[in-house]
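Trainee:
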Amino acid sequence: MNVPDSKNSRRASRIFFALVVLIFGYSSRKFGAFLPPFLAEYAPDALWALMAFFLIAAAKPQWTLKRIGIAALLFAYTIEISQIYQAPWINAVRDTKIGALVLGHGFLWSDLICYAVGIGCGVILESLDSGEQKTV
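When we follow my numbering, the leftmost residue of the sequence shown carries the number 30, and every step to the right adds one.
#1: Go ahead and label V32 buried or exposed: buried means 16 or more other beta carbons lie within 10 angstroms of its beta carbon, across all protein chains shown.
#2: Taking the continuous alpha helix (DSSP H) assigned at I113, which residues delimit it?
#3: Do L141 and E238 have their beta-carbon atoms positioned less than 8 Å apart in this structure?
#4: With distances taken from CA atoms, which of G147, R40, K36 is nearest F208?
#5: Using C-beta distances below 8 Å, list every residue in its chain close to L64, excluding the 5 sequence neighbours before and after it, in chain order.
#6: What are the start and end residues of the alpha helix (DSSP H) that includes G54?
#7: Tell whether a beta-carbon distance below 8 Å holds between V152 and L76.
#8: If I measure Cβ to Cβ from A69 and keep anything under 6 Å in the same chain, skipping five residues before and after, which residues do I get?
#9: Less than 8 Å between C-beta atoms, sequence neighbours within five positions excluded: which residues of the same chain meet that for V122?
#10: Quick check: the region 45 to 56 against the region 80 to 99, are at least 3 beta-carbon pairs closer than 8 Å?
#11: Compute the Euclidean distance between the alpha carbons of D158 and A116, then round it to the nearest angstrom.
#12: Just to confirm my understanding: we take A100, look at its own chain, exclude 5 residues before and 5 after, and list those with CB closer than 7 Å. What are they?
#13: How far does the alpha helix (DSSP H) with W77 in it extend, from its first residue to its last?
In structure tokens form, the structure reads like this:
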């Protein structure tokens with residue numbers, strides 16, 4: 030009897046969750062008019078960071094939960110801080126659909142809080158997973 034590889038199964042589930050979060054995040058941007066104003070304003074950024082958390086967790090399944098959380102937070106904060114830089118070449122990238130989704134447009138302090146909330150949710154979800162043997 031073949032037992033599924035735990036590392037590959039965790040990787041697959043994290044990629045699946047990243048895709049689900051991507052759909053919810055994109056939908057919250059696109060259909061924000063149908064959401065309460067607070068959610069329409071802040072949920073997309075929290076979900077973007079949660080997606081980054083799951084992608085990093087999938088890419089580095091051997092890392093501890095703490096390390097994944099810190100890496101995701103550093104990644105998200107680096108992207109946000111990069112939005113202060115407004116050179117024509119990077120703005121041309123940001124003007125594309127994928128560039129806007131990944132890099133954003135303008136720096137907002139509130140986004141840093143949203144990222145921490147999104148990644149915090151990821152850490153909590155992963156720590157609740159009974160199969161998780163990593164420490165917070």
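All C-beta atoms in this analysis are idealised placements derived from N, C-alpha and C, irrespective of residue type, glycine included.
Mentor: Considering the structure as presented:
#1: At V32 the pLDDT is 47, less than 50, meaning the model places this residue with poor confidence and gives no usable figure here.
#2: From DSSP, I113 is part of no alpha helix (DSSP H); its letter is neither H nor E.
#3: No statement about residue 238 is possible, as the shown extent of the chain runs from 30 to 165 and does not include it.
#4: Outside the shown range of the chain, which is 30 to 165, sits residue 208, and nothing can be said about it.
#5: Answer for L64: S57, A72, listed in chain order.
#6: G54: member of the alpha helix (DSSP H) spanning 35 to 59, first to last residue.
#7: In this structure, V152 sits away from L76, with a CB-CB distance that is not shorter than 8 Å.
#8: Within the same chain, G61 come within 6 Å of A69 by CB-CB distance, once the 5 residues on both sides are set aside.
#9: If the five residues before and after V122 are omitted, its C-beta is found closer than 8 Å to the C-beta atoms of G128, L132, all from its own chain and listed in chain order.
#10: Segments in contact, yes.
#11: Approximately 43 Å between the Cα atoms of the pair.
#12: The beta carbon of A100 sits closer than 7 Å to the beta carbons of I85 from its chain, once the five residues preceding and following it are set aside; these are given in chain order.
#13: 66 to 88 is the span of the alpha helix (DSSP H), which, as asked, contains W77.
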